[in-house]
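**Q**
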Amino acid sequence: MPLLDLGLNWLDASGEHSGIVLSTRIRLARNLQGHAFGPRARVNDRAAILERVRGAVSRVPHLAGSQVQELGELDRRGVTLLLERRLVSPDLLGEQGSKPLPGSAVVMGGDRGMSVMVNEEDHLRIQTLHSGLDLHESWNQVDALDEEMGRELPYAYHHEFGFLTSCPTNVGTGLRASVLLHLPALVLTKEIGKVLQGLSQVGLTFRGLYGEGSEVVGNFFQLSNQTTLGKSEEDLVDHLDRMVRQVIQYELHARQVLMRDAASVTEDKIWRAYGLLRYARSLSFEELMNLMSGVRLGASLKLLPGLRVYPLNKIMIFTQPAHLEEAAGRDLSPAEGDAHRAAYVRRILSTEGAVTPDEEGPGSPPSDPSG
Numbered sequence: 000m001p002l003l004d005l006g007l008n009w010l011d012a013s014g015e016h017s018g019i020v021l022s023t024r025i026r027l028a029r030n031l032q033g034h035a036f037g038p039r040a041r042v043n044d045r046a047a048i049l050e051r052v053r054g055a056v057s058r059v060p061h062l063a064g065s066q067v068q069e070l071g072e073l074d075r076r077g078v079t080l081l082l083e084r085r086l087v088s089p090d091l092l093g094e095q096g097s098k099p100l101p102g103s104a105v106v107m108g109g110d111r112g113m114s115v116m117v118n119e120e121d122h123l124r125i126q127t128l129h130s131g132l133d134l135h136e137s138w139n140q141v142d143a144l145d146e147e148m149g150r151e152l153p154y155a156y157h158h159e160f161g162f163l164t165s166c167p168t169n170v171g172t173g174l175r176a177s178v179l180l181h182l183p184a185l186v187l188t189k190e191i192g193k194v195l196q197g198l199s200q201v202g203l204t205f206r207g208l209y210g211e212g213s214e215v216v217g218n219f220f221q222l223s224n225q226t227t228l229g230k231s232e233e234d235l236v237d238h239l240d241r242m243v244r245q246v247i248q249y250e251l252h253a254r255q256v257l258m259r260d261a262a263s264v265t266e267d268k269i270w271r272a273y274g275l276l277r278y279a280r281s282l283s284f285e286e287l288m289n290l291m292s293g294v295r296l297g298a299s300l301k302l303l304p305g306l307r308v309y310p311l312n313k314i315m316i317f318t319q320p321a322h323l324e325e326a327a328g329r330d331l332s333p334a335e336g337d338a339h340r341a342a343y344v345r346r347i348l349s350t351e352g353a354v355t356p357d358e359e360g361p362g363s364p365p366s367d368p369s370g
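Going by numbering that gives the first Met the number 0, the first residue of the sequence shown is number 0, and it counts up by one from there.
1) Check whether the Cβ atoms of Val106 and Ile48 lie closer than 8 Å to each other.
2) Helix, strand or coil for Gly161? Go by DSSP, reduced to three states.
3) In whole angstroms, give me the CA-to-CA distance for Glu286 and Leu128.
4) Is the beta carbon of Val59 closer than 8 Å to that of Val67?
5) Between the Cα of Pro38 and those of Thr164, Val194, Asp260 and Gly64, spot the shortest distance and give me the residue it belongs to.
6) Do Leu290 and Leu275 count as a contact pair if the criterion is CB distance below 8 Å?
7) Are there 16 or more other CB atoms within 10 angstroms of the CB of His158, so buried, or fewer, so exposed?
8) Can you find the residues in the same chain that come closer than 8 Å, C-beta to C-beta, to Arg307, ignoring five residues on each side of it along the sequence?
9) Exposed or buried, which one is Asp267 when buried takes at least 16 other CB atoms within 10 Å?
10) Hey, quick one: how far does the beta strand (DSSP E) through Thr127 stretch, first residue to last?
11) Just verifying my parser: in three-state terms, what is the DSSP assignment at His34?
12) Once DSSP output is grouped into helix, strand and coil, what is the label at Ser13?
13) Does the segment 319-336 come close enough to the segment 20-28 that 3 or more CB-CB pairs lie under 8 Å?
14) Just confirm the distance between the C-beta atoms of Leu198 and Leu222, as a whole number of angstroms; I'd bet it's less than 8 Å.
15) Alpha carbon to alpha carbon, how far is Ser88 from Leu311? Give it in angstroms, no decimals.
16) Could you name the residues of the same chain whose beta carbon sits closer than 7 Å to that of Glu83, not counting the 5 residues immediately before and after it, in chain order?
17) I'd like to confirm the pairing. Which residues does DSSP put opposite Phe220 in its beta bridges?
18) In this structure, does DSSP put Gln68 in helix, strand or coil?
19) Return the residue from the list Ile314, Lys313 and Arg295 that minimises the CA-CA distance to Gly305.
20) DSSP puts Arg206 in a beta bridge; with which residues?
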């Protein structure tokens with residue numbers, strides 16, 4: 000399967016609460032017996048692990064039809080494409096500006112968005128990425144894949160501590176469940192700090208779009224569990240699911256408050272964001288994400304009738320630097336990238352077409368009789 004066809008299932012906005020929750024990811028950290036972990040792994044360790052994974056993939060039903068892609072075989076743009084699609088992590092890519100370490104690879108193209116990173120911080124990072132809020136089904140799928148791989152590969156496991164990992168924070172279940180949410184109303188009503196502080200007190204943490212170490216842009220927050228030891232995988236998933244549903248209710252309430260107490264200001268902010276995106280000739284990615292936050296809010300509140308979530312999700316992925324360069328077929332300078340980004344957004348929004356404020360429709364002001 001071509002690289003450009005992989006890793007896009009989660010964009011389709013088909014999952015529960017997809018207007019607020021972009022995606023659900025479950026990731027399991029696993030290591031193999033007899034090989035050094037993480038930074039202590041030598042080149043021959045990494046090569047041996049990759050070969051063992053290659054041999055196992057063909058015998059794992061959930062990975063039927065998948066491909067093993069060594070990152071060292073890709074050029075800079077190809078590697079960055081995988082990162083922008085959230086198929087790999089920054090840690091798997093190695094130091095910025097350098098080539099990935101030997102043995103770094105990703106198994107992708109398996110059943111329903113499942114993939115495996117090879118030789119990241121741990122030997123294996125088994126993961127699945129779904130649209131919307133879908134924690135329990137995501138867990139069931141990744142658990143089944145983990146069981147199948149565990150029959151083919153000897154996991155490093157301790158009867159008291161559970162699965163052994165490079166970082167102590169992952170020991171036990173090795174599970175990291177995360178949900179990517181768009182929370183603009185909580186930010187606008189200045190309630191987000193209180194919500195995030197409350198989540199930290201119940202064992203959850205937040206990150207940006209690309210996970211650990213990434214900044215929050217466009218009011219997108221990735222919530223995940225901090226604890227991996229002392230609880231079962233099912234308990235961790237249940238706990239995160241309950242907390243995320245509570246955050247969704249907080250966000251929905253905050254949106255009601257905005258429309259009750261500041262409807263005209265909110266509508267003006269939304270339409271200004273839409274207008275800038277619809278007609279801009281140059282956009283940085285950060286500027287795009289911040290404007291997109293207003294447009295997504297407007298689509299969810301039916302203030303921009305005619306706009307669907309799916310194309311807005313596509314904009315987030317296909318306006319990233321490597322995707323723009325792939326579409327252009329060449330490297331782009333920062334200024335060229337900003338121009339190509341704006342052109343892509345204009346093209347998508349022109350085909351979607353929100354109803355303009357002076358047209359009849361939900362969320363539009365009445366016509367001025369004097370006009």
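Glycine residues also receive a C-beta, built at the ideal position from the N, C-alpha and C atoms.
Remember, it's a predicted structure, so these values are computed and weren't measured experimentally.
**A** Straight from the coordinates:
1) no
2) strand
3) 26 Å
4) no
5) Thr164
6) yes
7) exposed
8) Ala12, Ala298 and Glu351
9) exposed
10) Leu123 to Ser130
11) coil
12) coil
13) no
14) 7 Å
15) 23 Å
16) Ile316, Gln319, Ala321 and His322
17) Leu180
18) strand
19) Arg295
20) Gln221
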